[in-house]
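Student: A single structure is presented below for examination.
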Amino acid sequence: MTRAQIAIAGTLPRRALDAARRLVGQGGGEALQLRLIAAEVGSGVASLYYHFANKDALLAAVAVDGWGELTQKIERARAGGRFPHPIDAASAALLTFIRRNPRLYALMQTEPSLAGNPAVRAAEQQALEAFQGAVRDDDRAPPERAEDIALVFWVLGRGIASAVHMQDAAAAERLEQAVLRGFAFLMSRRPAG
Numbered sequence: 803m804t805r806a807q808i809a810i811a812g813t814l815p816r817r818a819l820d821a822a823r824r825l826v827g828q829g830g831g832e833a834l835q836l837r838l839i840a841a842e843v844g845s846g847v848a849s850l851y852y853h854f855a856n857k858d859a860l861l862a863a864v865a866v867d868g869w870g871e872l873t874q875k876i877e878r879a880r881a882g883g884r885f886p887h888p889i890d891a892a893s894a895a896l897l898t899f900i901r902r903n904p905r906l907y908a909l910m911q912t913e914p915s916l917a918g919n920p921a922v923r924a925a926e927q928q929a930l931e932a933f934q935g936a937v938r939d940d941d942r943a944p945p946e947r948a949e950d951i952a953l954v955f956w957v958l959g960r961g962i963a964s965a966v967h968m969q970d971a972a973a974a975e976r977l978e979q980a981v982l983r984g985f986a987f988l989m990s991r992r993p994a995g
């Protein structure tokens, strides 16, 4: 948890954000309704508007929170020592996040109102940089190709999210494992010449 997240933990904005994430998790961005959030956190809608200018501002806060969580998961997976290679750890963290949070990830990636939001883009960039760091630190990735490799996997994550969203939990986990095996195979091959 970042200092900013700790500072608002337990406060109305944090409780509203948690409630918004639950709603997004259940029904995507369309499910987010300020009246429902206000009722869940025991507040009036006007109090929410004090902290979030409108629904798009709340959606942006949900997306920023999601990107922050993903960044932390990538960093923790790399430090955890469970995987022999840094990119395997980062990839597993990304795919697990997508599988466990398909609607949140879809919101983070595709919500039109968030496309130009600087805070959302900055939070995504931070997560991408954590992933790129794993690629740079992996001895299987040629240093001059590390950014390209990270971007390919990052973009593939969007397609994987769509596939995961349409499957049950067991099928989504099998897809995640197959993608990890395929990616590990590709990374084990050194480009010729």
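Numbered according to this note's numbering, the sequence shown spans residues 803 to 995. Positions of the beta carbon are idealized from the N, C-alpha and C atoms, including for glycine.
Which same chain residues, not among the five before or five after W869, have their C-beta less than 8 Å away from its C-beta?
Tutor: M910, V922, A925, E926, Q928 and A929
Student: How close, in whole Å, do the beta carbons of V826 and V866 come, if the pair is a contact with beta carbons under 8 Å?
Tutor: V826 to V866, Cβ: 13 Å. No contact.
Student: To which residues of the same chain is W956 closer than 7 Å at the C-beta, ignoring the five residues directly before and after it?
Tutor: L930 and F933
Student: Let's see if you can read the secondary structure: which residues bound the alpha helix (DSSP H) around S801?
Tutor: The first residue shown for the chain is 803 and the last is 995, placing residue 801 beyond what the model contains.
Student: Using alpha carbons as the reference points, say which of E949, D970, A840 and L977 lies closest to G961.
Tutor: L977
Student: In terms of residue numbering, what span does the alpha helix (DSSP H) encompassing T813 cover?
Tutor: Looking at the DSSP string, T813 is not in any alpha helix (DSSP H), and its letter there is neither H nor E.
Student: Using the Cβ count rule (16 or more neighbours within 10 Å means buried), how would you classify Y907?
Tutor: A buried status is given to Y907, since no fewer than 16 other beta-carbon atoms sit within 10 Å of its beta-carbon.
Student: Have a look at A892, P886, A972 and A818 and flag the residue whose alpha-carbon is nearest the alpha-carbon of E877.
Tutor: Considering only alpha carbons, the answer is A892.
Student: Which residue from A822, E832 and D950 puts its Cα closest to that of E842?
Tutor: A822
Student: Just how far apart, CA to CA, sit A948 and I900?
Tutor: Distance between the alpha carbons of A948 and I900: 22 Å.
Student: Which of helix, strand or coil does DSSP assign to D950?
Tutor: helix
Student: In whole angstroms, what is the alpha-carbon distance linking V937 and P944?
Tutor: 9 Å
Student: Excluding sequence positions up to five away, which residues of its chain have a Cβ less than 7 Å from the Cβ of L916?
Tutor: L861, A862, A865 and V922
Student: Could you check the C-alpha separation between A952 and E871 for me, to the nearest Å?
Tutor: Approximately 19 Å, taken between the alpha carbons.
Student: For the candidate residues L834, I839 and V954, whose alpha-carbon lies nearest to that of R913?
Tutor: Checking the sequence, you will find Glu at residue 913 rather than Arg. Put simply, of L834, I839 and V954 the residue whose alpha carbon is nearest the alpha carbon of E913 is L834.
Student: In terms of residues, what are the limits of the alpha helix (DSSP H) holding E926?
Tutor: Run containing E926: P920 to R938, per the alpha helix (DSSP H) assignment.
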